[in-house]
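Number of protein chains: 2
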Amino acid sequence: MLDLATRAHDHNFRIDPIIRSLLDTDFYKVLMAQTIFRRHRDVAVTFGINNRTARIRIADEIAEGELREQLDHARTLRLSRGESTWLRGNAFYGKRRMFSAAFLDWLETFRLPEYELAARDGQYELTFHGPWIETTMWEVPALAILNELRSRAVLRDLGKLDLQVLYARAMTRVWEKIERLGRLADLSIADFGTRRRHGFLWQGWCVQAMAEGLGDRFLGTSNCLIALRREVEAVGTNAHELPMVYAALTDDDAALAQAPYDVLADWQQDYEGNLLVALPDTYGTTGFLADAPDWLSAWTGIRIDSKEPIAGGEEAIRFWQSRGADPREKLAIFSDGLDVDSVERIHAHFHGRMRIGYGWGTLLTNDFRGFVRNGRLDPVSIVCKVIEADGRPTVKVSDNPVKAQGPAAEVERYKRVFGVGELAALPVIV
Amino acid sequence: MLDLATRAHDHNFRIDPIIRSLLDTDFYKVLMAQTIFRRHRDVAVTFGINNRTARIRIADEIAEGELREQLDHARTLRLSRGESTWLRGNAFYGKRRMFSAAFLDWLETFRLPEYELAARDGQYELTFHGPWIETTMWEVPALAILNELRSRAVLRDLGKLDLQVLYARAMTRVWEKIERLGRLADLSIADFGTRRRHGFLWQGWCVQAMAEGLGDRFLGTSNCLIALRREVEAVGTNAHELPMVYAALTDDDAALAQAPYDVLADWQQDYEGNLLVALPDTYGTTGFLADAPDWLSAWTGIRIDSKEPIAGGEEAIRFWQSRGADPREKLAIFSDGLDVDSVERIHAHFHGRMRIGYGWGTLLTNDFRGFVRNGRLDPVSIVCKVIEADGRPTVKVSDNPVKAQGPAAEVERYKRVFGVGELAALPVIV
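The listed protein sequences correspond, in order, to chains A and B. Taking the numbering used here, the leading residue of the first sequence gets 1431, the next gets one more, and so forth. Taking the numbering used here, the leading residue of the second sequence gets 1431, the next gets one more, and so forth.
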């Protein structure tokens, strides 16, 4: 009863592609892409990979030829008819026709642009130059490819039984985490784990486990393809990329100081409701909230990312109170390096004082820590960030100096303009 | 790429049979069967099921119709050509032609005989009447059917993801046990878990995990079919059934006192080497060893079963020393309700003082304790024992009164004849 056709077909693949669909990306990339498409599509932008876990020499773990094969394969992909239909016909955050016909017509013709790749000092220098609307689309697939190639390099050395035990342990760990989460009152949690996942199939399993284990307390996944296939909600809003490019494009300090609010002003023209969640930390949360226009307090919520979460949540509550809003009607989304311990701690602290959502990323979809020797399956803190816009360097300050980015002189200028004082470094796990 | 043929074929099964081969039994049944075939094949013997975990109402868990279907299916089985070839051609314990042509010619024609089944007070009364050579073959398949039907009754209520998590946890648990065992010096361990396994496929996985995790420290499996398919050693020697029937057939106290040694005398005519392992506890280990003929000290070893293992091992060492044998050249096989804790304890106590082997049973192949509510997958201590021979009740005393069996008056007579004093009860887990 061997399925000879399946077996022959599987052996016909030249490679085992990691990215098999342009929708295998985070929903917020599509949301941001529409905003970029409408206003800044031709800004020349460079994205680049940065491995913040420098002790892990990724270029020693992954063969350059394999990496090129995967990147090249991703470049062959086009939006399929069914995928386009989903974007056009599905309701996102309860709203249909989230995306304009013009944007989707463009997306149907889109292919990922060229890349530049070199290895240096054990790390890959992987960069993407071109129109913002094109290069922005590389972030998630590039990261997913690098992370899954790392996994595969380890899995290749394991026998069938070792693999079974590995996944048995990983499933057990994820399920026990979900059981713990299930004990929290009024939980709302989503999968944000695409970019640094162990692998695509594994992320799919994690989403299924969340959905079955948590029921309607599981909000959905950031991954469009998994959302489509498993018929769960696609979730996400926006990222540092928008203020970073908006800021880089300004010509003076006054315009720079205004740039993060310009992002919000554009965003609220494009989206509404639960998509109105501001990310305040690009140039320091404290200054951002102090200088924010009053209309920001009418937004649905705030995402608390690089700031220590208890401090960040308290700051959000103070902001809403100072503007006359009731924090219990506001939403705080926590999304930085979460695991069950931190979710429990945050929940114990804030439950009942405001609405809370969790975007659970790498430690949902890539927690194989301790399962193989030498931590070879431990996740790394690798990012793909915009580094240049129209020839000017982009800058990120954030609330954690470990995550700062940009030329030192520009970082100092931004800190001055945004009134950012000295910040204490927080450890970055993932 | 769906395999329509496989799918259609799978749906064509009227039932999903638990026993699919007459070799899906323990090797010691085949060894004992040859001895029975040669000397006592037509003794009328009754076997019966006894659930020592009386609080578990098996007849409430398993539908009688399903049980009958499985028993009926087992009765349709005949030794296949390849199975017969394996018994004829394979080397067992290093020896070829372990089984006579006459015995194998008979086995090729054998089918499991009729059964009698009734439910009473939440338990099944399942008995097998007929020639010893036929009824003896029911023990292992009957137990395996009852245990796997219990598992299935629980699994039926679980979704696909629950099932994945269940097996993920079980694999993780087994593998962690094997990793602990792997740290013991000079380990020799075998799978004895057929009769009370969670299921056939699961036992196969456990055997594979033992083989890959322990290499040549894994001696093999008691299950003939798994040994054949996975090309590992088939292991086992003999059980209480032989002295129980030999004892029941005696006409006076003097013959009764001699019966356990008659078993050994017959056994050493049929087998040699590592198959010469005596099971001393049927009517009390202490008296058995005190009265044993000197030639027993030339046997390879002793199996320590119902006695507390440290006390049983010390008693074996004293026996060998008292007969002038060097315990370091002798083999003690421990086989009663073992799990990793007890193996570690026994090993720490005896390692270096004698050769040690472990027959690991139920807590290898059926340790799903705590994985579902109300302990519904916890193993039960269920046995299938010979209860009558030529119209006379059989008796077992053992070293643990919890495991005693037979009419009270007969048990008392046996205890008097074999000089068994008062025994302390030991808990029976499985």
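For every residue, glycine included, the Cβ atom is placed at its ideal position computed from N, Cα and C. Just so you know, these numbers come straight off a predicted model, no measurement behind them.
Taking a beta-carbon distance threshold of 7 Å, Ala1489 (chain A) does not count as an interface residue toward chain B. With respect to the C-alpha of Ile1492 (chain A), the residue from A:Leu1579, A:His1559, A:Arg1550, A:Ala1474 having the closest C-alpha is A:Leu1579. Not a single C-beta of chain B is nearer than 7 Å to the C-beta of Trp1632 (chain A). Look at Glu1499 (chain B): its C-beta is not under 7 Å from any C-beta on chain A. Inter-segment contact for the stretch 1592-1603 of chain A and the stretch 1596-1608 of chain B is present: three or more beta-carbon pairs are separated by less than 8 Å. Distance from the Cα of Ser1618 (chain A) is smallest, within the candidate group A:Ala1504, A:Gln1594, A:Met1784, A:Val1460, for A:Met1784.
Its Cα nearest to that of Met1567 (chain B), the residue B:Thr1455 stands out among B:Thr1455, B:Arg1775, B:Ile1776. Against chain A, the CB of Ala1583 (chain B) has no partner CB under 7 Å away; the residue lies outside that interface. Per DSSP, the unbroken alpha helix (DSSP H) holding Val1460 (chain B) starts and ends at 1457-1469. Within the DSSP secondary-structure output, Phe1558 (chain B) pairs in a beta bridge with B:Phe1477. Under the DSSP assignment, Lys1815 (chain A) falls outside any alpha helix (DSSP H), being part of the beta strand (DSSP E) whose first and last residues are 1812-1819.
At least one C-beta of chain B is nearer than 7 Å to the C-beta of Trp1605 (chain A). Residue state for Pro1823 (chain B) is assigned as strand, using DSSP reduced to three classes. As computed with DSSP, Lys1525 (chain B) is found in a beta bridge with B:Phe1522. Residue burial annotation: Gln1594 (chain B) is buried, with at least 16 other C-beta atoms found within 10 angstroms of its C-beta. Annotation: the continuous alpha helix (DSSP H) that includes Ala1720 (chain B) extends over 1715-1720. Between the alpha carbons of His1470 (chain A) and Ile1563 (chain A) lies a distance of about 8 Å. Residue environment for Phe1443 (chain B): exposed (fewer than 16 other C-beta atoms within 10 angstroms of its C-beta). Annotated three-state conformation of His1781 (chain B) is strand, per DSSP. The beta carbon of Lys1760 (chain B) lies closer than 6 Å to those of Gly1731, Trp1750, Met1784 in the same chain, with the five residues before and after it left out. Arg1846 (chain A) and Arg1586 (chain A) have their C-alpha atoms roughly 50 Å apart. Look at the stretch 1639-1656 of chain B: the residues with a C-beta under 7 Å from a C-beta of chain A are Ala1639, Glu1642. Looking at B:Tyr1701, B:Ala1678, B:Asp1700, B:Gln1699, the one whose alpha-carbon comes closest to that of Pro1690 (chain B) is B:Ala1678. According to DSSP, residue pairing for Trp1790 (chain A) in a beta bridge involves A:Asp1621. About 6 Å separates the beta carbons of Leu1596 (chain A) and Phe1801 (chain A), which is inside the 8 Å limit, making them a contact pair. Close partners of Arg1660 (chain A) in chain B (Cβ separation under 8 Å) are lacking, with about 12 Å as the shortest Cβ gap. Runs of the beta strand (DSSP E) lying entirely within the stretch 1704-1759 of chain B and spanning at least 3 residues, in chain order: 1731-1734.
Counting C-beta pairs with one atom in each stretch, the stretch 1479-1499 of chain B and the stretch 1819-1830 of chain B have fewer than three that are closer than 8 Å, which means they do not touch.
The alpha-carbon separation between Phe1522 (chain A) and Tyr1701 (chain A) amounts to approximately 11 Å. Burial check for Leu1705 (chain B): the Cβ neighbour count within 10 Å reaches 16 or more, so the residue is buried. Among the residues facing chain B, Met1462 (chain A) is not included, as its CB has no counterpart in that chain under 7 Å away.
In this structure, DSSP gives Phe1443 (chain A) a state outside helix and strand, which the three-state scheme calls coil.
In this structure, Val1841 (chain A) sits away from Asn1480 (chain A), with a CB-CB distance that is not shorter than 7 Å.
For Gly1643 (chain A), the uninterrupted alpha helix (DSSP H) segment begins and ends at 1630-1644.
When the five nearest sequence neighbours on each side are left out, the beta carbons in the same chain lying within less than 6 Å of the beta carbon of Ile1740 (chain A) are those of His1779, in order along the chain. The DSSP assignment places 1654-1660, 1671-1678 as complete runs of the alpha helix (DSSP H) inside the stretch 1640-1679 of chain A, in order along the chain (cut-off: 4 residues).
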